[in-house]
Each structure stands twice: as structure tokens, then as C-alpha cells.
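Have a look at the structure below before the remarks.
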């Protein structure tokens, strides 16, 4: 039955692949293959990895996360973009100065096993269902608002590039209804960058480097320092962001399935150096935005993104120098423009109701703060801190929420 559903969904995919979905997938892929790839390169360099080990790491996180995004998007017909944890890459970058790559890979494996156990138990679904929606939306706004603000500050770095991209987006939104405005902005920015000689391409390799299979070594210190924090990052930071984004756009995300499937793929990827395979919040936001088109067609955008991701990983040695050459201003502006729809919808959902408003506001400001304690980033602390605030000052809202859920359950059982 599952195979038939996948086959049917793959057949239906053709009618949903169009200029809107493919271009949105391309924008999401460009976002995911630029800054995050540079973090991995920097971490590999500081950790003393060889060039072949670095390319293998990049191959693993992009090739396997691309396959994950394609599979989940087609199976659930939702714009679920697979990627790797940026915060996890930062965590691992520092840890590689203390642990060998083999010990780090052993910790990756333990992290994925923890995620699989928690996901298969249904605990992740239960927790996400229990957290109030306004709080989740507040967290999404706080964590992702930086993309919008960086879009504006990019004007001070390169007024012509950034300003032209924003102007192209606005004019396209008004005048070119059939052309995705983000695509118009990207084309204008790239053409201008080429004309201004802003691309600095160096050391392009024309040979294919075979990814390396690396055997794990299990160290208790590495598991405590890398594995456990990495598992928390995957569940509470990366997947939670994607869940909030999908909820903001009216989808019902398969939380446990995203976690379990991501870490099953992650177990395979870790043997080639991948630190984490999970669902990407920002890229899911780009693929699920209203500008992509009809709600039922947006999953095609994340499928396209997955194809671009896998291709990037497969040909990493040849493509990475080209990505490094792209002006960072373009990435910042295009990412900010692509996030606008999700941010607006999240704001509406977070603050349109009368319940959990204090919690939603604290989730927003904690998310914006970028705080990091115990190697755990702002998204988790935004949820934890805002829940604490709501329990203190909005306890009656939780009581009302529980009563409403019981009524809905009773109605569902009666109708059944």
C-alpha cells in the first residue's frame, strides 16, 4: 500500500513541477549550499581533516539529506526539505580539535539512535502537540526574523546588488504575476554580480573525488560532548523549526516520521562523515511560502531542492569553489525575500488569538536573542522559556486548552 502511494505521488509530481516550484527549490538549495557549506569547510580545516575527508563530509550531508527531502516530500505531499544542522556543524567544528574524526562519527551514530528511539516511541509527536501553537509561531518568528533584517542590512554592504534585488522582487510581485518574484530577484542579482565582476572563482577541480567510508570509534567523552547535544539539536532546534513553519502554512507535519527517517538516513550518512541529517527550517520555509503556488503543489519545490542538494553533494569537489565565489549579499537578500511570506503568516498565527500572548512574545524575543547555553541554541530555549512564562502568568490558558482537546476527542469518538 505504501509503495503504491509513493508510486502514485511520484506520477502526480510531474504536474506540480513548474517555474514556481523549481525556482523556489533552487533558491532553497542555493541558501543551503552556501553559508552552511562554508561552516563545514571551516570546521574541517580547524579540525585538521584532509581535503578528501572534507569533501566526503560535504558529500554525505548534502547527498543523503537531498534524498531524505525527496522521499518525505513525495510520501506526505508536504514541502519538507532535508538538510543538515548548521548549529550541529558549529558544535562539531569545535569538537574536532579535541576528538578524532572516528570518535566524532561514533558520537553521530549514538545521536541518531537516540533520535530514532524517541521518534519511534511517539514522544516527539506528543510533545509537539502539547506545546501551544502561538508559542511555536513566536519561536519561528524570533529565530527567522534575522533573515529579513539581514536582507535590509545587506543594502549597506552593497546598495546596488541588494537594492536591485529587492526592487526586482517588489516590481515582479506587482507586474509579473506568473513569474515567482524571488526568481526575478535572483536573476537580477546574479546578472548584476557578473557584470560587476563580483564572482571570484578559484581552484575549480575537474575530477571526481570518491567519498570515504570512515569506521566509527566509540568514546564516552565524545558521546557526552557531541552525541547528546547533537540529538537535542536535531529534535528541539532543527526539526522543531520545520514543524512550526509547516504548521504556519496550514500543514500537519509528520513529526515522528521526520525524526525517525532523518536519523535512519543519518546513520548511513555518518559513516561517510555526515554530522547530522534532519529537516531544515529555513529551507522548508522557502519551499512552503505562498509565492511557490498552490498549497498542494508546494511539495514539488522541496523535491526540486532535494535533487539540487544531492547533485551538489555528488559533485562537491567541482561545485564548492563556484559556491564560495557567490557574493554573500546575494544569499542574504534572496533568503530574506523568500522568508517574508512565512514570517507574515507566523505573526498572524502567533498574535491573532487572545491566548498564550505573553508566552508567544517571550518565545519571539528569546528566539531573536540567539542565546546559547550548554551548546543548545535559541530555538529550544525559546520554547522552554516561553512555556515557563505561560505557566506562571497564563496557566488558565493551558486549562482551557486541555478542556478543548478533551471536547474534540469526545466529538471525534462520537462521530466514529
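Numbering (my numbering), first residue to last: 785 to 1200. Built from N, CA and C at the ideal position, the CB exists for glycine as well. The structure presented is a predicted model; accordingly, all values stated were derived computationally and were not measured.
With the cut-off set at 8 Å, would you say residue i and residue j are in Cβ contact?
i, j, result
"residue 824", "residue 1101", "no"
"residue 968", "residue 953", "yes"
"residue 1040", "residue 903", "yes"
"residue 847", "residue 1067", "no"
"residue 932", "residue 1123", "yes"
"residue 755", "residue 926", "Lying outside 785 to 1200, the shown extent of the chain, residue 755 is not represented and no answer is given."
"residue 1048", "residue 891", "no"
"residue 1086", "residue 853", "yes"
"residue 1157", "residue 922", "no"
"residue 1094", "residue 851", "yes"
"residue 1117", "residue 938", "yes"
With distances taken Cα to Cα, identify the nearest neighbour of residue i among the options.
i, options, result
"residue 1028", "1127, 1000, 858, 959", "1127"
"residue 826", "807, 871, 867, 877", "877"
"residue 795", "1058, 845, 859, 1022", "859"
"residue 957", "1075, 1091, 862, 849", "1075"
"residue 793", "1187, 1050, 1105, 1084", "1084"
"residue 882", "1009, 1113, 1147, 1097", "1009"
"residue 869", "1036, 1043, 1092", "1043"
"residue 842", "1178, 1096, 832, 1164", "1096"
"residue 1132", "917, 910, 1094, 1078", "917"
"residue 885", "865, 1116, 1117, 1003", "1003"
"residue 1121", "871, 947, 820", "947"
"residue 960", "804, 1182, 999, 1172", "804"
"residue 944", "1170, 1113, 1178", "1113"
State the DSSP-derived secondary structure class of residue i, mapped to helix, strand or coil.
i, result
"residue 785", "Annotation note: pLDDT 45 at residue 785 (below 50); position unreliable, no value reported."
"residue 915", "coil"
"residue 1057", "coil"
"residue 1172", "helix"
"residue 867", "strand"
"residue 1157", "strand"
"residue 854", "helix"
"residue 993", "coil"
"residue 802", "coil"
"residue 1179", "helix"
"residue 1062", "strand"
"residue 1035", "coil"
"residue 934", "helix"
Whole-angstrom Cβ separation of residue i and residue j, contact assumed at under 8 Å?
i, j, result
"residue 1143", "residue 924", "Contact doesn't hold; Cβ gap of about 14 Å is too wide."
Counting contacts by CB-CB distance shorter than 8 Å, is residue i in contact with chain B?
i, result
"residue 802", "This model lacks chain B altogether; it includes just one protein chain."
(message) With three or more beta-carbon pairs closer than 8 Å as the criterion, would you say the stretch 1017 to 1037 touches the stretch 1056 to 1070?
(response) Yes: at least three Cβ pairs fall under 8 Å.
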